[in-house]
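In terms of this note's numbering, the sequence shown has 76 at position 58, counting the first letter as 1, and numbering is strictly consecutive. All C-beta atoms in this analysis are idealised placements derived from N, C-alpha and C, irrespective of residue type, glycine included. It should be emphasised that the depicted structure is a prediction, and the values quoted were computed from it without experimental measurement. Here's the structure, in C-alpha cells; my notes come after.
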Amino acid sequence: MDAYDENNNKTRYHLTFNYDTNLFNEYQDLLFTPNVQVAIICSDEDIDKSDEEKKIVVIWNVSTIAIFYSSAIFITAFPHWYNYQKNNGKTFCLRIDAAGWDRTIRIDNKWIAVPLSSEFRIFRYNKKTFDYCNKQGYNIHYPPPVGDKW
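So this is what it looks like as C-alpha cells:
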C-alpha cells in the first residue's frame, strides 16, 4: 500500500493478508496511521505498473487525514475482490481518498463535490444463522469470501 500525505509524500507499506482472519496482519497498526490523504492498495506484482496496465477503483471516504481508522475497513475487502478480478483476467488497484478534508471538496469556498458515507456493516453476516437455516433444510450459501458462490 502506498500512502500519500497532503504534501504528496509517499510511504510504502508491505501488508500481508491473513485469509483465516480476513484481515491484514498489520490491520491494528493501519487503523492509527496518521496523515493519509490518499492510499493506493495493490498486490506487490501490480503496484509499480503504469496506470495503463491496471485499473484503479476510487473510493472517496469522508474521513479526515488525521487518522486512517475509517478508511482501513475498505482495504480488508480488497484482497478477495482482487483475486476474483485477477482470476477473470483483470488487474485492479484500490485508491481511497480522504475526501473529508476541506481542500478536496471546495475551491474558492464553493463546493466541487459532495462526500458520501458508505456503510460496510451490511456486508457482515451471522454464520450461526446460515448454519441454522441449513440444518432446517434451506439451501443457502455463505457469501464470499467464505462461500464460493458468486
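Give the straight-line distance between the Cα atoms of residue i and residue j, rounded to the nearest whole angstrom.
| i | j | result |
| --- | --- | --- |
| residue 20 | residue 107 | 23 Å |
| residue 37 | residue 66 | 24 Å |
| residue 62 | residue 100 | 12 Å |
| residue 71 | residue 77 | 20 Å |
| residue 113 | residue 88 | 14 Å |
| residue 90 | residue 49 | 6 Å |
| residue 158 | residue 152 | 7 Å |
| residue 85 | residue 161 | 30 Å |
| residue 97 | residue 110 | 10 Å |
| residue 51 | residue 146 | 34 Å |
| residue 57 | residue 22 | 6 Å |
| residue 53 | residue 154 | 50 Å |
| residue 149 | residue 64 | 38 Å |
| residue 75 | residue 39 | 24 Å |
| residue 30 | residue 41 | 18 Å |
| residue 25 | residue 68 | 22 Å |
| residue 104 | residue 144 | 28 Å |
| residue 59 | residue 156 | 38 Å |
| residue 193 | residue 102 | This structure cannot settle anything about residue 193, because the visible part of the chain is limited to 19 through 168. |
Of all the options the options, which has the alpha carbon lying nearest to the alpha carbon of residue i?
| i | options | result |
| --- | --- | --- |
| residue 46 | 56, 58, 33, 53 | 33 |
| residue 95 | 35, 144, 74, 116 | 35 |
| residue 116 | 104, 69, 30, 79 | 79 |
| residue 43 | 144, 93, 28 | 93 |
| residue 55 | 102, 105, 28, 104 | 28 |
Strictly by DSSP, which residues pair up with residue i?
| i | result |
| --- | --- |
| residue 111 | 74 |
| residue 28 | 22 |
| residue 144 | Answer is none; residue 144 lacks a bridge partner. |
| residue 152 | Note: residue 152 sits in no beta bridge, so no partner. |
| residue 157 | Its beta-bridge partners do not exist; DSSP assigns none. |
Against chain C, with Cβ distances strictly below 7 Å, would residue i count as a contact?
| i | result |
| --- | --- |
| residue 79 | Within the model displayed, chain C is absent; a lone protein chain is all it includes. |
Where in the segment 38 to 107 do unbroken runs of the beta strand (DSSP E), each at least 3 residues long, occur, reported from the N-terminal end onward?
Taking only runs of at least 3 residues, the beta strand (DSSP E) segments lying wholly in the segment 38 to 107 are 56 to 59, 73 to 79.
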